[in-house]
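Before any comments, here is the structure.
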Amino acid sequence: MILVTGANGLAGSAMIREFARQSYPVKALVRSRRSAQALEALTAVDLVEGDMLHPETLTNALSGVDRVLLISSPNQQMMETQCTFIDAAKKAGVRHIIKLSGVTTSLDSSFLFSRMHAEISRYLEQSGLGWTFLRPSQFMTEYLREVPTIVAERAFFLPFEEAKLAPVDLEDIAKAAFALLTQPEHEGKTYMMSGPEALNMTEIAEQISLATGSTVRYVNISPEERKQAQLTAGIPAYIVDALDMQSSLRREGNGEEVVHLETHTTLGIRPTPFAEFAHRHAADFLGTSAWGAAQNGQKHPLDLRTLPSA
Ligand SMILES: NC(=O)c1ccc[n+]([C@@H]2O[C@H](COP(=O)([O-])OP(=O)(O)OC[C@H]3O[C@@H](n4cnc5c(N)ncnc54)[C@H](OP(=O)(O)O)[C@@H]3O)[C@@H](O)[C@H]2O)c1
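Per my numbering: the sequence shown = residues -17 to 292.
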């Protein structure tokens, strides 16, 4: 049996929808069943409650589980959450953990979450369990965070200057995770994964303009303006600082512009271009979907978990 953690989050719920599409049985770990009703309605999904920080709550979730896809929130507790979970999984007889992190995962990184992902990966490698690392680039859904100003002002505001990124579609990551979890030959391997093109923010704006038939502008802002907007939106200061560092690394060129299609090729997944993602979400970017309309005038950036299907 396979367990996906963080199943009610942005990435985790995409993974669970892929299992449902394939009618392949999966356990979905959530902290609260009440807030995960959309998952409960899916076929072949066994919703289980538990808190990864509290092993005593995981007995039912881990019972009969052989493989796990390890995901939790990028927050201050991420290391403790995932390392505690690894210990509990080992004790419960899990054999293999697939860990979702990112392309910039490195013990030397100045970006807090890249460093934490590397620490957790090292902990997993040393745990004696089988491991596989799935390391995607920026999710394309990150641009849905810009919907409030795209709807209100037909513009989005970031401090990335001319930096290029190669964002990847969560649907592609979900297909990759499904393959890594259901095929035996991926143990001990690392899978880097990006979208098919490196694009700067002006090019992203052009793609959204084409998809929506309405001009959207990219406006470069200073790092300080970005930080102020995030603090005003209620983002915790340590996350604002971490994102500020990430922006700085992106401006310098930190490897996120590199296109990695080797995982798509190995696993037989068609790489989704950004244009296709933008078309899929055209009504969100235009503010004509219920979700897009609700973002008009919202604070920025927003919690994407309100999106019906990212
Ligand atoms: N955004 C990107 O561009 C990007 C790119 C590459 C990699 N990543 C990585 O992708 C990962 C997932 O991100 P995401 O956006 O999907 O995060 P998310 O939406 O915050 O989802 C994380 C989920 O983990 C659950 N969780 C947190 N602590 C838990 C605990 N103690 N016990 C049980 N469940 C717990 C949360 O549960 P609740 O619903 O109860 O809060 C939430 O549903 C992160 O590690 C991030 O670093 C992100």
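All C-beta atoms in this analysis are idealised placements derived from N, C-alpha and C, irrespective of residue type, glycine included.
Selected residue, minimal CA-CA separation from residue 27, among -2, 40, 46: -2
Residue -9 Cβ short of 6 Å to ligand 1 heavy atom set: yes
Residues that residue 27 bridges to, as DSSP identifies them: 8
Reduced DSSP category for residue 298 - H, G, I as helix; E, B as strand; rest coil: There is no way to answer for residue 298, as the model of the chain reaches only from -17 to 292.
Own chain partners of residue 95 with C-beta closer than 6 Å, once the 5 adjacent residues on each side are dropped: 56
Residues of its chain near residue 142, where Cβ-Cβ distance is below 8 Å and the 5 sequence neighbours each way are ignored: 182, 183, 202, 229, 232, 233
Residues near residue 268 in its chain [Cβ-Cβ closer than 6 Å; skip 5 each side]: 194
Residue interval of the beta strand (DSSP E) (run including residue 114): 112 to 118
Supposed contact pair residue 121 and residue 200 - C-beta distance, whole angstroms, cut 8 Å: Actually they are not in contact, since the Cβ atoms of residue 200 and residue 121 sit about 18 Å apart, beyond 8 Å.
DSSP three-state assignment for residue 89, whether helix, strand or coil: coil
Proximity of residue 241 and residue 176 at Cβ, strictly below 7 Å: yes
Residue -3 Cβ short of 6 Å to ligand 1 heavy atom set: no
Through-space distance from residue 91 to residue 227, alpha-carbon basis: 10 Å
Residue 255 to residue 274 span [Cα, whole Å]: 22 Å
Contact between the segment 99 to 115 and the segment 243 to 259 (3+ Cβ pairs under 8 Å): no
Inter-stretch contact (C-beta, 8 Å, three-pair minimum) for the segment 51 to 68 and the segment -15 to 3: yes
For residue 202, the first and last residue of its enclosing beta strand (DSSP E): 199 to 202
Short Cβ contact (7 Å threshold) for residue 251 with residue 157: yes
Three-state class that DSSP yields for residue 249 in the structure shown: helix
Counted within 10 angstroms of its Cβ, other Cβ atoms place residue 83 as buried (16 or more) or exposed: buried
Own chain residues within Cβ distance below 6 Å of residue 174, not counting five before or after: 85, 117, 242
Any non-hydrogen atom of ligand 1 closer than 6 Å to residue 35 Cβ: yes
beta-carbon residue 55 near ligand 1 non-hydrogen atom, thresh 6 Å: yes
Cβ-heavy atom distance, residue 294 to ligand 1, below 6 Å: Residue coverage of the chain in this structure runs from -17 to 292, which leaves residue 294 outside it and unanswerable.
Euclidean distance between Cα positions of residue 166 and residue 29: 24 Å
Straight-line gap, residue 147 to residue 60 (C-alpha atoms, nearest Å): 25 Å
Bridge-paired residues (DSSP) for residue 138: 200
Proximity test, residue 232 beta-carbon vs ligand 1 heavy atom, cut-off 6 Å: no
Option nearest residue 179 by Cα separation, candidates 264, 253, -7: 253
For residue 223, the nearest candidate out of 0, -10, 58 (CA to CA): 58
Reduced DSSP secondary structure (H/G/I, E/B, other) of residue 190: helix
Cβ neighbours of residue -6 in the same chain (closer than 6 Å, five flanking residues each side left out): -14, -12, 53
Residue from 169, 145, 10 with nearest C-alpha to residue 237: 145
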